[in-house]
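Participant:
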Amino acid sequence: MATLNSNIPTGPLAGKWNSHKFSSKLINPANKRKYKVIVVGAGLAGASASATLAELGYEVENFVFHDSPRRAHSIAAQGGINASKNYQNDGDSVHRLFYDTIKGGDYRSREANVHRLAEVSVNIIDQCTAQGVPFAREYGGLLDNRSFGGAQVSRTFYARGQTGQQLLLGAYSALSRMIGNGGVKSHTHAEMLDLVVVNGHAKGIIVRDLQTGEITRHVADAVVLATGGYGNVFNLSTYARGSNTTAIWRAYKRGACFANPCYTQIHPTCIPVSGDYQSKLTLMSESLRNDGRIWVPKRKEDCGKAPADIPEEQRDYFLERMYGAFGNLAPRDVSSRAAKYVCDEGRGIGPTGLGVYLDFSDAIGRLGESKIRERYGNLFAIYHEITAEDAYKTPMRIFPAVHYTMGGLWVDYNLMSNVPGLFVLGEANFSDHGANRLGASALMQGLADGYFVLPSTIATYLATVKPGSRPKVDQAEFKEAEESVRAMTRHFLGSKGKRTPSSFHKELGKIMWEYCGMARNKAGLEKAIQLISALREEYRTNLMVSGAENEWNQSLEVAGRVADFIELGELMCRDALMREESCGGHFREEYQYTGADPEVQQGLVNSGDVKRRDDQFAFVAAWEHAGAGKAPVLNREPLVYEEVKMSTRSYK
Amino acid sequence: MNLLLRIWRSSLGKKYVMALTGAALFVFLIGHLVGNLQVFGKPELINRYAALLKSQPGLLWGARIGLLACVGMHIAAAVTLLQANRAARPVGYAGGDAYGSTLASRVMPMSGLVILAFIIYHLLHFTAMQPGINGVGDFSKLRGELDGKPVTDVYAMMILGFQVWWVVLAYLVAQTLLFLHLGHGLASMFQSLGLRNHVWWPRIQVFARVASLALFIGYGSIPVAIFAGGLGKDYAAKSKIQLETGSIQKEVVR
Amino acid sequence: MKVKIKVWRQKNRNSNGSFVTYDSPDLNPNMSFLEMLDVVNEGLAVKGDEPIAFDHDCREGICGTCSLVIDGKPHGPHKGVATCQTYMRSFKEGDLITVEPFRATPFPLVKDLVVDRKSFDRIQQAGGFISVRTGSAPDANAVPVPKENADLAMDAAQCIGCGACVAACKNASAMLFVSAKVSHLGLLPQGQPERHRRVKAMVDQMDAEGFGGCTVTGSCEAVCPKEISLDFIARMNRDYAMSLLKGDPKGIAGGGA
Chain A
1293 MATLNSNIPT GPLAGKWNSH KFSSKLINPA NKRKYKVIVV GAGLAGASAS
1343 ATLAELGYEV ENFVFHDSPR RAHSIAAQGG INASKNYQND GDSVHRLFYD
1393 TIKGGDYRSR EANVHRLAEV SVNIIDQCTA QGVPFAREYG GLLDNRSFGG
1443 AQVSRTFYAR GQTGQQLLLG AYSALSRMIG NGGVKSHTHA EMLDLVVVNG
1493 HAKGIIVRDL QTGEITRHVA DAVVLATGGY GNVFNLSTYA RGSNTTAIWR
1543 AYKRGACFAN PCYTQIHPTC IPVSGDYQSK LTLMSESLRN DGRIWVPKRK
1593 EDCGKAPADI PEEQRDYFLE RMYGAFGNLA PRDVSSRAAK YVCDEGRGIG
1643 PTGLGVYLDF SDAIGRLGES KIRERYGNLF AIYHEITAED AYKTPMRIFP
1693 AVHYTMGGLW VDYNLMSNVP GLFVLGEANF SDHGANRLGA SALMQGLADG
1743 YFVLPSTIAT YLATVKPGSR PKVDQAEFKE AEESVRAMTR HFLGSKGKRT
1793 PSSFHKELGK IMWEYCGMAR NKAGLEKAIQ LISALREEYR TNLMVSGAEN
1843 EWNQSLEVAG RVADFIELGE LMCRDALMRE ESCGGHFREE YQYTGADPEV
1893 QQGLVNSGDV KRRDDQFAFV AAWEHAGAGK APVLNREPLV YEEVKMSTRS
1943 YK
Chain B
13 MNLLLRIWRS SLGKKYVMAL TGAALFVFLI GHLVGNLQVF GKPELINRYA
63 ALLKSQPGLL WGARIGLLAC VGMHIAAAVT LLQANRAARP VGYAGGDAYG
113 STLASRVMPM SGLVILAFII YHLLHFTAMQ PGINGVGDFS KLRGELDGKP
163 VTDVYAMMIL GFQVWWVVLA YLVAQTLLFL HLGHGLASMF QSLGLRNHVW
213 WPRIQVFARV ASLALFIGYG SIPVAIFAGG LGKDYAAKSK IQLETGSIQK
263 EVVR
Chain C
209 MKVKIKVWRQ KNRNSNGSFV TYDSPDLNPN MSFLEMLDVV NEGLAVKGDE
259 PIAFDHDCRE GICGTCSLVI DGKPHGPHKG VATCQTYMRS FKEGDLITVE
309 PFRATPFPLV KDLVVDRKSF DRIQQAGGFI SVRTGSAPDA NAVPVPKENA
359 DLAMDAAQCI GCGACVAACK NASAMLFVSA KVSHLGLLPQ GQPERHRRVK
409 AMVDQMDAEG FGGCTVTGSC EAVCPKEISL DFIARMNRDY AMSLLKGDPK
459 GIAGGGA
């Protein structure tokens, strides 16, 4: 069993972060440059952490598999970033952002982490503005805000429809500055394929150069993984095609615990699937729900009609009907499931029947087309490009799609995993979003971790490491790790089966979406585990990988990533099976509110809403690798709520 | 000196050189045209103008050297930039090249080269008055008298020079390419010097088109009017005799 | 629908490349161009041939990873989109589509259709930033920015760093990219202290990387997936002239912080 100490500071919630910073050890400036830190990934978390650590004086090496540290999928976030600035004077505060996030996460996150996130959110906006991130502004020159799902205040800062890209370019510019002045050494086209653990501490990584195929060893005093989420386990998702779980999965196999793998966010507003060839799903920012109204026909028979031919009284604005207070701005998990229900009832629209309308005609009537164009012009353009439909004239068709994974490697309050010296940031860790993430919070978390949390907390670990005590790369542990990477490469290239890695990925995705997607149940999850284990066996025997080792070989890259996804898929199903409750994005059909429940009768929730079981499942499930062929071990970190009372989440 | 070296060493700096020398040459083209259009008046008009220029050798040679320097710098910058551009993009596309660009912008080096050849010819033709290349004879024999002083009969030289079809053709070809060169170059000049924004760019483009067209019409009208329009026909006949006999025909210059 | 694709195949930088023509399997017109390549590659792999290497990632037109010159135009036939947002319905049954890598000396070829665009990163590292250490920022509303400037800066900041501007330009000039970066920061009050130093450092690095010069052909603007305007090049020309006239301050080193 792993030892899981969350290291949450004592004292009142609001003072924990400050007192922790004060009581943590510092490293004097002269010693900082004696420490080397490896950062894997250059999305919001990785780039901001690399830059900030280097500014502090640490020697930093950054690794990305992309051709440039500016391509990570943080770039695709459209809507915005939350911060409790209360510039709108609408009653926002650190405490309200904290509370909204805890509630949005369905009481499955750590209070202390979330409060810290809410606290530093304001610094993020300051930092990014100073870097030149061109946030939207009002005519007076001050920053503009918009509202977002799961909140009743306007606290979301945005840069047209590409907030993610602008924030990432900000972090990338900070990183570029530090690369330019020698503070950070940047490795691009460099994929981490293993973690090196020496005497129980993370001390290095094994990397393959994607251009040349060369495999190299890298040593450091600490290793930071900021490699993003694993939603591509579903094959079809809003993730970039290259997003993968390999870095965190191989760290898991080296002893890091994987927490809450089954917590997956299904985003309600994506463009529906159109065919089997499809390689990815495209998100339409949630911000569209500010001005768009979601509906389906009241009667099944109307589904084939053109939307304009369905009269107002025959439309079911189901989110407004079911969740009056939040309406079209209900949280993502709630909105997605509501869309699934109406489609399950046969009232879905579009060629596949898996779609609902997102209608802007009211907003265009109220504000004029030019205002809507100003707010969402690029999103409408994306929609038009993909579907050849004009959303100014006819409603958009949308359907939920996998969008984010709240689970990830387990970390303590310092963002360190249970393997000392291994830190995990951003979406790759499990820390702040509980069982469901609110819109515009992922950017906030990535930057909070990278700019403000890790640079401070990493010292608590480094202070325990003697400067200059780094192991040498010719030590046995490094040789062993490199050899295991080489063995895997040889195995893949020697496979002489009949199926490509991508065909396995598609099959895995279908199993995951069917049995471990928006709604899960015991029988389905058990079946999925069997199917995946058979798939894994076939992957071992019937795989074909073209090309050679020492060259640019995309087949080989994909083969390694899919192998990890298959194993992870199985763990997700195990976690979902173990968690016999529904919470946030994890919906077990056996555990939902029905008409017989008093909460439904009192009008707090709807029948069909998620039903938590706090008495038994108020814990973080941290899975520990037990070796090949053995069932993983479940470790439980209890969730202790000091400030907020766990209650039924109501958005009515 | 450091600054000049810096300008020359940077690709943007060289573009400033191109733009500024181009601007100077453009101003010269306007002046030169105004001078030449006097051919549509009485012979005395343009001959007086020519005599005026020659009476100020300091200014004249200053301007000539300045202009040649501009041409030289314009070409030197163009050649070095062109070398860098070719090195940056040695391979073209099989599927078609230079999407979204105008013809004029793509043929700048070629049009520039033809204009250079033309400048050399033009200088030999009318300035150095090389007899072998004009298809007529020795222009230096064309002497007239103005206010009692002997002068070069520029009017006769032009009228006679443009009686030759292939000379007219050569001038028209060069002027067409100049038109293309200026149509792109005049607008680019503003771009290279940073004198543009979304408000002014459409106006700059209109200016470039109108100015280059005006120059084309202005310059082109001279050989066309002489060759096809019969401008100065009688004068040409008399000058032709002068060219052949070498005698001064005082009565034609009043 | 079915098409033929004529694709540049080249094993690596040092070997010779050539075009190879492939027949596509039956395609759905709603497929993206990259999905078409996926399908063709899947067919090649099953036959034991090596799949066509091409760069891609987000597939929603924002990461700037995808490249390709399709029938002579970077990012395919449509204006204002990246290759990944190009759909097969833009082509006709039986079309022969020529697919080539970005061609530019500062973008050396890696394999088939993949090129290396690190030169862009090095330009950024030379000066594409505002030097502000984490934690040292004043309140975000302390400095108001006129909305017009913020909007214009945003227009420039939209650049996704794909390199299509370089690929389209007959001179392989990076002026549109560099000017977008320079203008984004140069338009904001936060970017003023380093404005002239930034433009000089970035332009000098651009020259050092071997990009060609701008001859204002407008190809870059025509193919830019974010339709970034040539106005920004003019703005950079202006800023660079100012930086030359100002000269270097005494006794500072170039680069970095």
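Chains as they are written, first to last, in the working numbering: chain A, 1293 to 1944; chain B, 13 to 266; chain C, 209 to 465. We put the beta carbon where it would ideally sit given N, CA and C, even for glycine.
#1: Is residue 1434 of chain A near residue 349 of chain C, with beta carbons less than 7 Å apart?
#2: Would you decide whether residue 1377 of chain A is buried or exposed? Buried here means 16 or more other CB atoms lie within 10 Å of its CB.
#3: Pick helix, strand or coil for residue 1323 of chain A, following the three-state DSSP scheme.
#4: For residue 1884 of chain A, which residues does DSSP report across the bridge?
#5: What is the residue span of the alpha helix (DSSP H) that residue 11 of chain B lies within?
#6: Are the C-beta of residue 1363 of chain A and some C-beta of chain C separated by less than 7 Å?
#7: With a threshold of 7 Å between beta-carbons, can residue 95 of chain B be considered close to chain C, or not?
#8: Got a sec, what are the start and stop residues for the alpha helix (DSSP H) residue 373 of chain C sits in?
#9: What residues of chain B sit near residue 441 of chain C, judged by a beta carbon separation below 7 Å?
#10: Would you list the residues sitting across from residue 155 of chain B in a DSSP beta bridge?
#11: Under the three-state reduction of DSSP, which class applies to residue 1293 of chain A: helix, strand or coil?
#12: Might you give, ordered along the chain, the residues of its own chain that have their beta carbon closer than 6 Å to the beta carbon of residue 463 of chain C, omitting 5 neighbours on each side?
#13: Cβ of residue 61 of chain B less than 7 Å from any chain C Cβ?
#14: Quick check: is the beta carbon of residue 277 of chain C nearer than 7 Å to any beta carbon in chain B?
#15: Going by alpha carbons, who is nearest to residue 1306 of chain A out of A:1470, A:1724, A:1408 and A:1702?
#16: So, with DSSP's three-state summary, where would you put residue 1844 of chain A?
#17: Report all residues from its chain with a CB closer than 7 Å to the CB of residue 414 of chain C; omit the five preceding and five following residues, and keep chain order.
#18: Does any residue of chain C bring its CB to less than 7 Å from the CB of residue 1574 of chain A?
#19: As a quick exercise: from C:449, C:217 and C:378, pick the residue whose alpha carbon is nearest that of residue 104 of chain B.
#20: Are at least three pairs of beta-carbons, each pair with one atom in the segment 198–207 of chain B and one in the segment 152–170 of chain B, less than 8 Å apart?
#21: From residue 460 of chain C to residue 412 of chain C, what does the alpha carbon distance come to, in whole angstroms?
#22: Report buried or exposed for residue 178 of chain B, applying the criterion of at least 16 other Cβ atoms within 10 angstroms of its Cβ.
#23: When Cβ atoms are compared, which residues of the segment 81–105 of chain B fall closer than 9 Å to chain C?
#24: In terms of DSSP beta bridges, what is residue 1371 of chain A paired with?
#25: Should residue 1811 of chain A and residue 1857 of chain A be called a contact, given that it needs their Cβ atoms to be closer than 7 Å?
#26: Using DSSP with H/G/I as helix, E/B as strand and the rest coil, what is residue 263 of chain B?
#27: Is there a C-beta anywhere in chain C that falls below 7 Å from the one on residue 1720 of chain A?
#28: What's the gap between the Cα of residue 1796 of chain A and the Cα of residue 333 of chain C?
#29: Give the straight-line distance between the Cα atoms of residue 1688 of chain A and residue 1600 of chain A, rounded to the nearest whole angstrom.
#30: Using a cut-off of 9 Å between C-beta atoms, extract the partners of residue 392 of chain C located in chain A.
#31: Quick one: list the residues of chain B neighbouring residue 314 of chain C, beta-carbon separation under 8 Å, in chain order.
#32: Taking a contact to mean a Cβ-Cβ separation below 7 Å, would you say residue 1793 of chain A touches residue 1755 of chain A in this structure?
#33: Would you say residue 326 of chain C faces chain B, with C-beta separation under 7 Å as the test?
#34: Let me make sure I understand the geometry here. Which of A:1472, A:1818, A:1836 and A:1800 has the alpha-carbon closest to that of residue 1865 of chain A?
#35: Please look up how many angstroms separate the CB atoms of residue 1586 of chain A and residue 1610 of chain A, rounded, as I've assumed it's under 8 Å.
#36: Mind listing the chain C neighbours of residue 1708 of chain A? Cutoff is C-beta to C-beta under 8 Å, in chain order.
Facilitator: This is what the structure holds:
#1: As a working note, residue 1434 of chain A is residue 142 in the first sequence. As a working note, residue 349 of chain C is residue 141 in the third sequence. Yes, these two residues count as a Cβ contact at 7 Å.
#2: Indexing the first sequence from 1 puts residue 1377 of chain A at position 85. Buried, since its Cβ has 16 or more Cβ neighbours within 10 Å.
#3: Your numbering for residue 1323 of chain A matches position 31 in the first sequence. Helix at residue 1323 of chain A.
#4: On the first sequence, residue 1884 of chain A is found 592 positions in, with the first residue counted as 1. Answer by DSSP bridge pairing, in chain order: A:1902.
#5: The structure shown has nothing for residue 11 of chain B, since chain B only spans 13 to 266.
#6: Your numbering for residue 1363 of chain A matches position 71 in the first sequence. Taking Cβ atoms only, chain C reaches closer than 7 Å to residue 1363 of chain A, which makes this a yes.
#7: Within the second sequence, the letter at position 83 stands for residue 95 of chain B. So no, residue 95 of chain B is outside the interface.
#8: In the third sequence, the residue the question calls residue 373 of chain C occupies position 165. Where residue 373 of chain C is concerned, the enclosing alpha helix (DSSP H) stretches over 372–376.
#9: Numbered from 1 along the third sequence, position 233 holds the residue referred to as residue 441 of chain C. Correct list: 203.
#10: Numbered from its first residue, the second sequence carries residue 155 of chain B at position 143. Partner(s): B:164.
#11: In the first sequence, the residue the question calls residue 1293 of chain A occupies position 1. Residue 1293 of chain A falls in the coil class under three-state DSSP.
#12: For the purposes of this step, residue 463 of chain C is taken as the residue at position 255 of the third sequence. Because residue 463 of chain C sits at a pLDDT of 48, beneath the cut-off of 50, its placement in the model cannot be relied upon, and the point is left open.
#13: Taking the second sequence and counting its residues from 1, the one referred to as residue 61 of chain B is at position 49. Cβ-Cβ to chain C under 7 Å: no for residue 61 of chain B.
#14: Position 69 of the third sequence holds residue 277 of chain C. True, the Cβ-Cβ gap to chain B drops below 7 Å.
#15: Here residue 1306 of chain A refers to the residue found at position 14 of the first sequence. If we check each option's Cα against that of residue 1306 of chain A, A:1408 comes out closest.
#16: Counted from its first residue, the first sequence places residue 1844 of chain A at position 552. Residue state, collapsed to three classes: coil.
#17: Position 206 of the third sequence, counted from the start, is the residue given in the question as residue 414 of chain C. Only 331, 382 and 386 meet the Cβ criterion.
#18: As a position in the first sequence, residue 1574 of chain A is number 282, starting the count at 1. Residue 1574 of chain A counts as touching chain C.
#19: On the second sequence, position 92 is the one that residue 104 of chain B refers to. Among C:449, C:217 and C:378, the Cα nearest to that of residue 104 of chain B belongs to C:378.
#20: no
#21: Counting from one through the third sequence, the residue named residue 460 of chain C turns up at place 252. Counting from one through the third sequence, the residue named residue 412 of chain C turns up at place 204. Bear in mind that the predicted position of residue 460 of chain C carries a pLDDT of just 49, short of 50, making it unreliable; the figure below should be weighed with that in mind. In a straight line, the C-alpha of residue 460 of chain C is about 16 Å away from that of residue 412 of chain C.
#22: For the purposes of this step, residue 178 of chain B is taken as the residue at position 166 of the second sequence. Exposed.
#23: 93, 94, 96, 97, 98, 99, 100, 101, 102, 103, 104 and 105
#24: The sequence position of residue 1371 of chain A within the first sequence is 79, counting from 1. According to DSSP, residue 1371 of chain A bridges with nothing at all.
#25: For this step, residue 1811 of chain A is matched to residue 519 along the first sequence. For this step, residue 1857 of chain A is matched to residue 565 along the first sequence. Not in contact: residue 1811 of chain A and residue 1857 of chain A (Cβ atoms no closer than 7 Å).
#26: One-based indexing of the second sequence puts residue 263 of chain B at position 251. Unreliable placement is indicated for residue 263 of chain B, whose pLDDT of 48 sits below 50; the coordinate value is still reported in the next sentence. Helix.
#27: Translated into positions along the first sequence, residue 1720 of chain A becomes position 428. No, its Cβ sits nowhere closer than 7 Å to a Cβ of chain C.
#28: The sequence position of residue 1796 of chain A within the first sequence is 504, counting from 1. The sequence position of residue 333 of chain C within the third sequence is 125, counting from 1. About 40 Å.
#29: Looking up residue 1688 of chain A in the first sequence gives position 396. Looking up residue 1600 of chain A in the first sequence gives position 308. C-alpha separation (whole angstroms): 12 Å.
#30: Counting from one through the third sequence, the residue named residue 392 of chain C turns up at place 184. Per Cβ cutoff of 9 Å: 1424, 1426 and 1461.
#31: Start at 1 with the first residue of the third sequence, and residue 314 of chain C comes out as number 106. Per Cβ cutoff of 8 Å: 100.
#32: For the purposes of this step, residue 1793 of chain A is identified with residue 501 of the first sequence, where counting begins at 1. For the purposes of this step, residue 1755 of chain A is identified with residue 463 of the first sequence, where counting begins at 1. No, Cβ-Cβ distance for residue 1793 of chain A and residue 1755 of chain A is not below 7 Å.
#33: Within the third sequence, numbered from 1, the residue matching residue 326 of chain C stands at position 118. No - not a single Cβ of chain B is within 7 Å of the one on residue 326 of chain C.
#34: In the first sequence, the residue the question calls residue 1865 of chain A occupies position 573. Checking every option, the nearest Cα to that of residue 1865 of chain A belongs to A:1818.
#35: Within the first sequence, numbered from 1, the residue matching residue 1586 of chain A stands at position 294. Within the first sequence, numbered from 1, the residue matching residue 1610 of chain A stands at position 318. Yes, they are in contact, since the Cβ atoms of residue 1586 of chain A and residue 1610 of chain A sit about 7 Å apart, within 8 Å.
#36: For the purposes of this step, residue 1708 of chain A is identified with residue 416 of the first sequence, where counting begins at 1. Per Cβ cutoff of 8 Å: no residues; residue 1708 of chain A is ~20 Å from chain C at best.
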